[in-house]
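Chains as they are written, first to last, in our numbering: chain A, 1 to 210; chain B, 1001 to 1210; chain C, 2001 to 2210; chain D, 3001 to 3210. Glycine included, each C-beta is placed from N, C-alpha and C at the ideal position. Okay, structure first, notes after.
Protein chains: 4
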Amino acid sequence: MRSPRRPQRARKLPRQARSQATVGAILDATVQILDRQGLDAATTTRIAEVAGVSVGSLYQYFSHRDAILNALQEREFERALELMRAVLARDHLARHPRDTLTAVMQGLASLYRSAPGLHRVLAIEGLRVARADRVHAFDARVLAIIRQFLRATGAPLRRPRLEAAAFVAYQSVRATMLARLLSGEPSLDEDSLVEELVDLVLRYLIAGDA
Amino acid sequence: MRSPRRPQRARKLPRQARSQATVGAILDATVQILDRQGLDAATTTRIAEVAGVSVGSLYQYFSHRDAILNALQEREFERALELMRAVLARDHLARHPRDTLTAVMQGLASLYRSAPGLHRVLAIEGLRVARADRVHAFDARVLAIIRQFLRATGAPLRRPRLEAAAFVAYQSVRATMLARLLSGEPSLDEDSLVEELVDLVLRYLIAGDA
Amino acid sequence: MRSPRRPQRARKLPRQARSQATVGAILDATVQILDRQGLDAATTTRIAEVAGVSVGSLYQYFSHRDAILNALQEREFERALELMRAVLARDHLARHPRDTLTAVMQGLASLYRSAPGLHRVLAIEGLRVARADRVHAFDARVLAIIRQFLRATGAPLRRPRLEAAAFVAYQSVRATMLARLLSGEPSLDEDSLVEELVDLVLRYLIAGDA
Amino acid sequence: MRSPRRPQRARKLPRQARSQATVGAILDATVQILDRQGLDAATTTRIAEVAGVSVGSLYQYFSHRDAILNALQEREFERALELMRAVLARDHLARHPRDTLTAVMQGLASLYRSAPGLHRVLAIEGLRVARADRVHAFDARVLAIIRQFLRATGAPLRRPRLEAAAFVAYQSVRATMLARLLSGEPSLDEDSLVEELVDLVLRYLIAGDA
DNA sequence: GATGAATGAGCGTTCATTCAT
DNA sequence: GATGAATGAACGCTCATTCAT
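As structure tokens, this is what we get:
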């Protein structure tokens, strides 16, 4: 996409019900387009068209095109965090770490599966310099959750550098899932992938797990 | 005025000394721009400008803008493969797999370190649909090398699904290194990263490795 | 940056008053440029400039530059056909064929006279391969009208090959008028030309007409 | 084609044998390209390539691209005039005008047939403003020949305005032949076309010819 | 507020022409 | 003379953004 002519002022926050609906429609339209046709198809005109509003309205709620992608990214970030929190909150201490990990990874896999095209675009765009900070912030939150889980788990940890370990484990899982998503016809079925990743992480992190 | 005719094949190969210099200048300029300002800044006009040539010259050697990126990608691909081959060729059978793995990863880390911005862009662009095939082809070659290494190693393998294991291991290493590269100020020094990754892979792949 | 996507269908039809005005301005500007400076001067930038709009507006209503020329061509085609139909509809059976033919040719001559430069360009462009189909379609419609006229006329026809005769007659008239148009200072006044052409066609087509 | 940056000085005339050969090769190459691929394919680079010389050499003999087309046009003009002169010179006074006319038209038809693509391009380009003068000059020479023939012929002429008559007859023949050339699949075979045109012209020009 | 026609900077690309070798 | 690498003005076209209605 072209680097945009940046506007000078921020837009007002949507407060009323109708506004919320419009914002929602715009985000949903963008998701649909990204998922089916990719980033290049997500022009402001097309988004407005699919959302059933005018471009003018679009700019009433988003100061520039990238703001839409940012909002989307944020939405998916929250969704992923929520998923992790929900799984970990379910009395995971009483269960074997393997079960907890498996549940988390199945959740992530289903998240990706629900809109592969969208997550592909977000992953790519997430790597762009402009959006790097947002991704780092998200990563930090994920890592905090992981560390918290590791500390809370009764299992004996192998790794002295907890922070490094969480980083490596997280990136490995994230990237492998994404790579499978990006390969046209995955040679590995989802369940097997989850199994492999659980094993990878367990053996890496937890002593004596064989 | 003229109906546009997309050229299908590569332009003439540079034979003379001056031509070689021009091609080199274009590639170098592109690397520099990608490394410092990212992909969007790498317009044909800007590349030509930095290379100190005219746009016309650029098109004398590259059929279209993307061909420059492709050439660059190919160059880095070959470099990475060459590095892996070189390390694995060095009597690795006589050494402990840990040493071999460490050597490979140190090589990759230094490759990334040499031009972080470039590798960031190549990694990102490698995810785009248009270039997905090239990346898959590269991945397949890497996976073949890894599998060959695993088979040749005397060490007892833990994983029944060799192909899946190679995929998971490769993506984990690749992504973690890249993620560290992308984070502005890495919290993990390079040696520690290599150590962690070697450990990750060994425990995942090789039975009884502790 | 972006892979170019050639639009296949026409742009949105102009509905509002302002839109209509813009389309009109674009067509008028194009006619003016073609008439005065020829086809090569009719760049999108120049057309927009003369029309007093931006290039963007131009592409809001025409999918590509050639679409403007096509629209212009179509407009003139329809105008010419309408003229022929109108003249032939005027109780021509009751009149001598010479009068009918004269009326038709006077109409065509005045059509050409109204914008010689435009018709010159359209005639030339009509010869280009890209637009040949459109011209052939127009020619076929004209020939059908001519054949219908010849059949309806009570006059005894000299020519056994009606189709060939219509073709020869039509091309002769068309080309001679055009040639006169193209010569800077016509040596033949319009009335004389019409007279000559009527005579040419009558003697060629109609038996005993002397 | 793009309107060229016009050079300032004329080129030296080719005097030596090698020069003549180069000029010939360039013209032949241009004919071949025009005939097979049309005007847009006739770039200076391509012409030089087909001619087996360098672009530099091309510019040694032709001051600019259009000069090549001009030379080609001139060559075809001379060829056509030569053909007419040759036929008319063959004791045509002793023969019936119909035979003479038939011979001329057969000659023209075979000229066109020998390289339809070339003549299509020349016809189109000949109409462009830039080259209009050259065409008018050629037309004038043709008309002179025609008038001379008409005067020399013993046959009684119908038309008082000899100049106008020559013009009408010439344009009719030229355009009809060209139109047949331009229509993809001519519905009229060449012999029939010649027959029709001879009849058209004879009845138009010569009194009592039935 | 909502609309959507209008804007125009900027992109990738071409090719006639030049000139150092 | 010949070469062909280099030039760069100019083209068609896109789309994020604005603002009169």
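query: If you check the beta carbons only, do F2167/C and A3179/D fall under 9 Å apart?
result: Taking 9 Å as the Cβ cut-off, F2167/C and A3179/D qualify as a contacting pair.
message: Under 8 Å: do the region 142-152 of chain A and the region 1098-1110 of chain B share three or more Cβ pairs, one atom per stretch?
response: Touching, no, given that fewer than three Cβ pairs across the two stretches are closer than 8 Å.
task: Starting from the Cα of A2169/C, find the closest Cα among E3190/D, L3081/D, Y3204/D, Y3059/D and give me that residue.
output: Out of E3190/D, L3081/D, Y3204/D, Y3059/D, Y3204/D has the C-alpha closest to the C-alpha of A2169/C.
message: Just checking: is the beta-carbon of D191/A within a distance shorter than 9 Å of some beta-carbon in chain B?
response: By this cut-off, D191/A is not an interface position.
- prompt: From what residue to what residue does the alpha helix (DSSP H) around E3049/D run?
  reply: E3049/D -> alpha helix (DSSP H) spans 3044-3051.
task: Output yes if chain B places a C-beta closer than 9 Å to the C-beta of I68/A; else output no.
output: Answer no: the Cβ-Cβ gap between I68/A and chain B never drops below 9 Å.
field: CA-to-CA distance, R3065/D to Q3008/D, given in whole angstroms
entry: Note that Q3008/D scores a pLDDT of 42, beneath 50, so its modelled location is shaky and nothing firm can be said.
- request: Tell me, please, which residues DSSP counts as bridged to I206/A.
  value: Beta-bridge pairing by DSSP links I206/A to L157/A.
query: Thinking just about the alpha-carbon of each residue, which of L3034/D, G3056/D, V3050/D is nearest to the one in A3115/D?
result: Of L3034/D, G3056/D, V3050/D, the residue nearest in Cα terms is L3034/D.
For D199/A, the three-state DSSP class (helix, strand or coil): In the three-state reduction of the DSSP assignment, D199/A falls in the helix class, which pools H, G and I.
message: Tell me the rounded alpha-carbon separation between Q2032/C and F2062/C.
response: A straight line joining the alpha-carbon of Q2032/C with that of F2062/C spans about 18 Å.
field: C-beta neighbour in chain D for L2200/C, strict 9 Å
entry: For L2200/C, the answer is yes, since a Cβ of chain D falls inside 9 Å of its Cβ.
task: Return the residue from the list L3072/D, Q3171/D, A3164/D, G3038/D that minimises the CA-CA distance to G3117/D.
output: Comparing alpha-carbon positions, the option among L3072/D, Q3171/D, A3164/D, G3038/D lying closest to G3117/D turns out to be G3038/D.
For A3017/D and L1081/B, the rounded distance between their alpha carbons: When rounded, the distance between both Cα atoms is 58 Å.
- request: From the DSSP output, in three-state form, read off A2115/C for me.
  value: If DSSP states are grouped into helix, strand and coil, A2115/C belongs with coil.
field: Residue span of the alpha helix (DSSP H) that contains R79/A, given as start and end
entry: 65-89 is the span of the alpha helix (DSSP H), which, as asked, contains R79/A.
task: Could you give the DSSP three-state label for E3190/D: helix, strand or coil?
output: Looking at E3190/D - three-state DSSP - the assignment turns out to be helix.
query: Between T3176/D and chain C, is there a C-beta pair that is closer than 9 Å?
result: Interface criterion met: the Cβ of T3176/D is under 9 Å from a Cβ in chain C.
- prompt: Considering only the beta carbon of each residue, do A1048/B and D1028/B sit closer than 9 Å?
  reply: The Cβ atoms of A1048/B and D1028/B lie no closer than 9 Å to each other.
task: With distances taken Cα to Cα, identify the nearest neighbour of P2186/C among E3163/D, V3201/D, A3175/D, S3192/D.
output: The residue with the shortest Cα to Cα distance from P2186/C is E3163/D.
field: Cβ shell of A2103/C (< 7 Å), same chain only, five flanking positions each side left out
entry: Cβ-Cβ distances below 7 Å link A2103/C to V2087 in the same chain, with the five nearest sequence neighbours on each side left out; the list follows chain order.
- prompt: G56/A to T22/A, Cα distance in whole Å?
  reply: Each residue's CA atom was taken as its position, placing G56/A and T22/A some 12 Å apart.
task: Give the range of the alpha helix (DSSP H) segment to which G1056/B is assigned.
output: DSSP places G1056/B inside the alpha helix (DSSP H), whose first and last residues are 1055-1061.
message: Rounding to the nearest angstrom, what Cα-Cα distance links F1077/B and T1176/B in this structure?
response: Between F1077/B and T1176/B, the C-alpha separation is close to 18 Å.
query: Quick one: any contact between the region 2120-2132 of chain C and the region 3122-3131 of chain D, if contact means 3 or more CB pairs under 8 Å?
result: Touching, per the Cβ criterion.
- prompt: Does D139/A come within less than 9 Å of chain B when only Cβ atoms are used?
  reply: For D139/A, the answer is yes, since a Cβ of chain B falls inside 9 Å of its Cβ.
field: Pick from L108/A, D191/A, L197/A, I206/A that is closest to A211/A, judged by C-alpha positions
entry: Residue 211/A is absent from the structure shown; chain A starts at 1 and stops at 210.
query: Which one of G2024/C, E2074/C, V2198/C has the shortest CA to CA distance from D2133/C?
result: When each option's Cα is compared against that of D2133/C, the closest is E2074/C.
field: Straight-line Cα distance separating T2043/C from L1182/B
entry: Straight-line spacing of the CA atoms in L1182/B and T2043/C works out to 46 Å.
- request: Pick out whichever of R3174/D, A3025/D, Q3171/D, A3109/D has its Cα sitting closest to the Cα of R3071/D.
  value: The sequence shown places Ala at residue 3071/D, rather than the Arg named in the question. Distance from the Cα of A3071/D is smallest, within the candidate group R3174/D, A3025/D, Q3171/D, A3109/D, for A3025/D.
message: Please report the straight-line C-alpha distance between Q3106/D and D3199/D, rounded to a whole angstrom.
response: About 14 Å.
- request: Could you tell me whether the Cβ of A3144/D comes closer than 9 Å to any Cβ of chain C?
  value: A3144/D does not count as touching chain C.
field: Nonlocal neighbours in the same chain, by C-beta distance under 8 Å from V53/A, ignoring five residues either side
entry: Closer than 8 Å at the Cβ level, and outside the excluded window around V53/A, lie T22, A25, I26.
field: alpha helix (DSSP H) segment containing L3034/D, residue limits
entry: Where L3034/D is concerned, the enclosing alpha helix (DSSP H) stretches over 3017-3037.
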